[in-house]
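For what it's worth, this note's numbering labels the leading residue of the sequence shown as 1099, then goes sequentially. Quick reminder that beta carbons are idealized off the backbone N, C-alpha and C, glycines included. Computed from a prediction, not measured in an experiment: that's the story for all the values here. The block underneath contains the structure these notes are about, expressed in structure tokens.
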Amino acid sequence: MPDMDAVVDVSNVCWATDIEPWATLPQLARLRRLTDAWRGLYGAETRMDLVVDQSLRHKIPAGERHEYDRMCRAGELVQVPYADPVVLSMAGEEGLKVISRDKFIDLRRRYAWIEGAAQRFYDWRGERGRLSFVPSGIVPVSGQVVSRAEEDKELTRDGLRDRKDVLGFAWKCVSRCAVSQLWPDRILLWPAMDRGTGTPLCPDPNCRRPLMKAGARKPSRQIVIARRDDGTELVRFPLEAGACVEIGRGALTHGINLDGLGDQHRAAVAAVSRHHLLLALDDRLVLSARDVGSSHGTELCRWGGQALGPARRLAAGEEVRLNGPDQLVLAKVVVVRTSGRRYSPGVVYPDSGDGGGASTAFADPNQ
Ligand SMILES: [Zn+2]
């Protein structure tokens, strides 16, 4: 018998309405049914590590909380603020199977082994009261899809996601901070948010003063700039229709200064030229790019449906249009791509409550 030791994404299982007891709310009893079924197939001694989001405790029936607390005290249940990375770390370090319906899209970059280990991820089927297990169907996804999933998590975390009153406007900072020097009339980055009051704040960590409105935001596309060596995101920002932005190093008014995104990244981006790339978004939200005379060049990688194609160096002055998940690589060290998100101001997102995008800040790029 293959080694079927596993780690269980407990919240995911407890929310599964196709496991008894039949109810719409999460049930701890579903976890017991699932672990019994797995051990019934693979042996009573099979190890099963159970990791749970701490938020589950308040969602299960009150009558199950005593058992939940007992399992936590006994070390049977590992309770953490956010289970997914813990599940994946345990699985990665110890070669465990993963029982979860989650595809972990937002964590694909951080846990790069996932796509090469699809056979270790299990979903379940409930038929005639019996549970069986099937591959959960992990398939490779483009960097753009990963980026979008990360962004959903990020916007939710920052409290920005449904804030059309914030996302629908451009903002400016009137203090004399680095951000206001760089973008005096409208800040290129998303605002930071005061979690307590919901006030949009200057994204400069040394400023954080309340911002002033600088007019309605035009339809925008989100741009992501990342390190190529380890995938670390350096910055993401919404580029408005009709706007252009220069990417380079040094004091680029209205541009993106890669030197200013953290001392820990400075060496990694050093090969990027002072004036390297110009990105422009036209009124139809088509993104185009042009190398503005960099020393080490810009390469274009077209998305081929399954993976990125070979890199092609842009000629001097050549302008290219970027489609979907295409990527640009600056000086072989920095990746520039769109996140897949488009953002449009309130008019596109009526508060109709019909689910037609009203609850999300971003529209599908294919519409
Ligand atoms: Zn400021």
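Any idea if residue i is buried or exposed, counting beta-carbon neighbours within 10 angstroms, 16 or more meaning buried?
i       : result
Gly1120 : For the sequence presented, residue 1120 should be read as Trp rather than Gly. Counting Cβ neighbours within 10 Å, Trp1120 comes out exposed, since fewer than 16 surround it.
Gly1241 : buried
Trp1222 : buried
Leu1265 : buried
Tyr1220 : buried
Gln1125 : buried
Lys1157 : exposed
Ser1230 : exposed
Glu1213 : exposed
Glu1338 : buried
Gln1217 : exposed
Pro1336 : buried
Asp1381 : exposed
Asp1473 : With the chain covering only 1099 through 1465, there is no way to say anything about residue 1473.
Ala1114 : buried
Tyr1166 : buried
What is the DSSP secondary structure of residue i, counted as helix, strand or coil?
i       : result
Asn1421 : coil
Met1291 : strand
Leu1126 : coil
Gln1217 : helix
Gln1242 : helix
Ser1234 : coil
Ile1197 : strand
Cys1399 : strand
Gly1444 : In this predicted model, Gly1444 has a pLDDT of only 44, less than 50, meaning its place in the structure is not dependable; the value taken from the coordinates is given anyway. Helix.
Gln1177 : strand
Asp1103 : coil
His1394 : coil
Arg1207 : coil
Val1370 : coil
Asp1389 : strand
Pro1183 : helix
Gly1407 : strand
Are residue i and residue j touching if we call contact CB-CB under 8 Å?
i       : j       : result
His1363 : Gly1391 : no
Asn1110 : Arg1206 : no
Leu1426 : Arg1410 : no
Ile1470 : Val1432 : One cannot answer for residue 1470 here, as it falls past the ends of the chain, which runs 1099 to 1465.
Pro1289 : Pro1303 : no
Ala1366 : Asp1327 : yes
Arg1319 : Leu1280 : no
Asp1182 : Ala1247 : no
Val1149 : Val1185 : yes
Ala1369 : Ala1429 : yes
Glu1495 : Ala1127 : Limits of the chain in this structure are 1099 at one end and 1465 at the other, which puts residue 1495 out of reach.
Val1277 : Leu1194 : no
Gly1353 : Gly1346 : yes
Leu1375 : Val1434 : yes
Taking contact to mean 3 or more Cβ pairs, one atom from each stretch, closer than 8 Å, check whether the segment 1307-1322 and the segment 1415-1424 are in contact.
no
Under 8 Å: do the segment 1335-1353 and the segment 1397-1417 share three or more Cβ pairs, one atom per stretch?
no
Which runs of the alpha helix (DSSP H) spanning at least 4 residues fall entirely within the segment 1109-1167, listed in chain order?
For the segment 1109-1167, whole alpha helix (DSSP H) runs of length 4 or above, ordered along the chain, are 1127-1140.
Check your reading: residues with Cβ closer than 6 Å to ligand 3 heavy atoms:
Judged by which ligands are present, ligand 3 is missing from the structure shown, whose ligands are ligand 1.
Quick check on the DSSP output: what are the complete beta strand (DSSP E) runs of length 3 or more inside the segment 1291-1353, in order along the chain?
1310-1314, 1318-1325, 1331-1338, 1342-1346
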